[in-house]
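Trainee:
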Amino acid sequence: MKALIVEDDIAINDLICMNLRDMGFICTSAHDGLTAANLLEKESFDFALLDIMLPHIDGYELLEYTRQLGIPVIFITAKSSIQDRVKGLKLGADDYIVKPFAISELTARVEAVLRRYNKGKKILSLEDVEINTESRQVTKRGEVIDLTLKEYELLVMLVNNKNMALFRETLFERIWGSNFMGETRTLDLHIQRLRKKLGWEDKIKTVYKIGYRLEV
1 MKALIVEDDI AINDLICMNL RDMGFICTSA HDGLTAANLL EKESFDFALL
51 DIMLPHIDGY ELLEYTRQLG IPVIFITAKS SIQDRVKGLK LGADDYIVKP
101 FAISELTARV EAVLRRYNKG KKILSLEDVE INTESRQVTK RGEVIDLTLK
151 EYELLVMLVN NKNMALFRET LFERIWGSNF MGETRTLDLH IQRLRKKLGW
201 EDKIKTVYKI GYRLEV
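Per full-length UniProt numbering, the very first residue in the sequence shown carries number 1; after that it's consecutive.
#1: Find out if the Cβ-Cβ distance for the pair Leu69, Gly59 is shorter than 8 Å.
#2: Please work out which residues of its chain come closer than 6 Å, Cβ to Cβ, to Arg213, disregarding the five sequence neighbours upstream and downstream, and give them in chain order.
#3: Below 8 Å on the Cβ atoms is my guess for Ile74 versus Asn19; work out the distance and round it to an integer in Å.
#4: What are the boundary residues of the beta strand (DSSP E) that Ala48 is part of?
#5: Output needed for Asp8: all residues of its chain with C-beta closer than 7 Å, excluding positions within five of it in sequence on either side, in chain order.
#6: If we ignore side chains and look at the alpha-carbon of each, how far apart do Tyr117 and Lys162 end up?
#7: Between Lys150, Lys140, Lys197 and Ser135, which lies nearest to Trp176 when the distance is taken from Cα to Cα?
#8: Would you grab the beta carbon distance between Leu187 and Phe172 for me? Rounded to a whole angstrom, and I think it's under 8 Å.
#9: Does DSSP classify Tyr212 as helix, strand or coil?
#10: Taking only three categories from DSSP, how would you classify Ala11?
#11: Identify every run of the alpha helix (DSSP H) within the UniProt domain "Response regulatory" (2-114), keeping only runs that are complete inside it and at least 4 residues long; order them along the chain.
#12: Using only alpha-carbon positions, find the residue among Thr77, Arg109 and Leu106 that is nearest to residue 236.
#13: At which residues does the beta strand (DSSP E) containing Leu126 begin and terminate?
#14: Give a yes or no on whether the C-beta atoms belonging to Leu147 and Val138 are separated by under 8 Å.
#15: Using 8 Å as the threshold, is the C-beta distance between Ile16 and Ala37 below it?
#16: Within its chain, find whatever has a CB closer than 7 Å to the CB of Tyr152; leave out the 5 residues flanking it on each side and keep chain order.
#17: Would you tell me roughly how many angstroms separate the C-alpha atoms of Gly92 and Asp84, rounded to the nearest one?
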């Protein structure tokens with residue numbers, strides 16, 4: 001799993017990365033908000049740790065980037081007032097850790113957030129559908145559903161971000177790995193086939209002028 005660590009204190013950034021790598025994560029570091037924003041546009045991440053007080057672009061603005069991509073976020077910051085915590089959580093952060101913190105607390109919070117998103121599991125389950133992320137096999141009520149690679153990747157992304165509206169351009173760029181040029185036919189056809197194969201016509205919702213949401 002890939003983690004983006006955005007912290008301008010190099011020593012803290014290095015310490016976090018070292019411990020997350022020991023847990024098996026692939027870590028990418030950024031020491032300012034602009035670098036982090038560029039990385040979010042070019043690469044895919046499973047979660048992000050964001051400082052709030054960053055050069056160029058602060059953590060609150062970066063949070064908008066991550067929300068559009070459906071990436072879980074934990075704020076790591078010296079801003080410790082109740083007002084700051086409430087603001088971060090209301091804006092959409094999944095958790096909030098105040099410096100100084102114990103590494104054991106940080107890793108426990110990362111694991112808790114990823115559990116809520118079903119990230120890192122070998123078996124993803126949603127009602128009567130199971131996804132084995134090792135074999136890439138999808139079953140519904142025990143019967144194997146034949147999905148193409150892109151249909152499978154779309155399904156995993158929707159399940160990992162259930163009840164969240166995902167932008168068409170985000171889905172296209174994450175699944176097809178190329179820049180979104182405004183043409184949605186390919187994505188829309190894959191969504192239609194996925195709905196039909198899973199019988200999820202009432203679950204994969206079209207969100208007007210945005211994209212799609214798996215509603216459960």
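Ideal Cβ placement from N, Cα and C applies to all residues, glycine included.
All of these numbers come straight from a predicted model, not from anything done at the bench.
Mentor: Checking against the coordinates, here is how it stands:
#1: no
#2: Ala165, Lys205 and Val207
#3: With 8 Å as the limit, Ile74 and Asn19 do not qualify as a contact, their Cβ atoms being about 14 Å apart.
#4: Phe47 to Leu50
#5: His31, Asp32, Asp51, Leu54 and Pro55
#6: 8 Å
#7: Lys150
#8: 5 Å
#9: strand
#10: helix
#11: 10-22, 33-42, 59-69 and 82-90
#12: The requested residue 236 does not occur in the structure, where the chain is confined to residues 1 to 216.
#13: Ile123 to Leu126
#14: yes
#15: no
#16: Arg136 and Val138
#17: 13 Å
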